[in-house]
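Everything in the sequence shown is counted per the working numbering, starting at -6 for the first residue and increasing by one. No residue lacks a Cβ here, since even glycine has one placed at the ideal position from N, Cα and C. Quick notes on the structure that follows.
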Amino acid sequence: MKWYSDASYLVSAFGEDSNTPAAKRWLRQCADFPILITRLTVLEADTALRAAVVDERLTHEKMQAAMADIHRSVLEGHLQRKEVPHHQWFPQGHRISMHATTGCVCRALDVLHVAAAVIVKAKGMLTFDKHQRELAKAEGLEVAP
-6 MKWYSDASYL VSAFGEDSNT PAAKRWLRQC ADFPILITRL TVLEADTALR AAVVDERLTH
54 EKMQAAMADI HRSVLEGHLQ RKEVPHHQWF PQGHRISMHA TTGCVCRALD VLHVAAAVIV
114 KAKGMLTFDK HQRELAKAEG LEVAP
């Protein structure tokens, strides 16, 4: 099964937060590699890790180690960065946003991650974001962890 990861999963799997145990547990059990990511995933994960240092939730050294581990996972083939053409990404995002239930508080980046997962033909999405999970399920994606 092809999985797509958003930034919340990467930050938890490679960094250190309240979701880290669940992220690492899922990763240990995963047999479906590579996990797909995009430039957006990496940018958002880097930004979140840097913010965790500023907020003193993570040390600078742990942030650097997490970023290095993400890069190493790409090189080793556990993560695979996919390019998503903008001419597909934004129209797909608009479609998802327009069809989202009115009760779903969807941020643009959440919508773009789900759109990316659909475009790269992932069957599942790794995220800890509640609203993103709802969007992904509405698009027929399995959600974990």
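Which residue spans inside the region 46 to 133 form an unbroken beta strand (DSSP E) run of at least 3? For the region 46 to 133, whole beta strand (DSSP E) runs of length 3 or above, ordered along the chain, are 72 to 74, 117 to 119.
Am I right that Gly117 and Leu134 are in contact with their C-beta atoms under 8 Å? What's the rounded C-beta distance? Residue 117 sits at position 124 when you count from the first residue of the sequence shown. Residue 134 sits at position 141 when you count from the first residue of the sequence shown. Correct: roughly 6 Å between the Cβ atoms.
If contacts are defined as beta-carbon pairs under 8 Å, then Ile112 and His71 qualify, I think. What distance do you get, rounded to the angstrom? Locating residue 112 in the sequence shown gives position 119, where the first residue counts as 1. Locating residue 71 in the sequence shown gives position 78, where the first residue counts as 1. About 21 Å separates the two Cβ atoms, so there is no contact after all.
Do you know whose CA, among Met(-6), Glu37, Trp(-4), Val77, lies nearest Asp103's CA? The residue you call residue 103 lines up with position 110 of the sequence shown. Ranking the options by Cα distance to Asp103, first place goes to Glu37.
What is the rounded straight-line gap between the Cα of Val4 and the Cα of Asp39? If you number the sequence shown from 1, residue 4 lands on position 11. If you number the sequence shown from 1, residue 39 lands on position 46. Between the C-alpha atoms of Val4 and Asp39 there is a straight-line separation of about 8 Å.
Report, in whole angstroms, the separation of the C-beta atoms of Ile89 and Leu128, which I expect to be a contact under 8 Å. Looking up residue 89 in the sequence shown gives position 96. Looking up residue 128 in the sequence shown gives position 135. That pair is a contact at about 6 Å.
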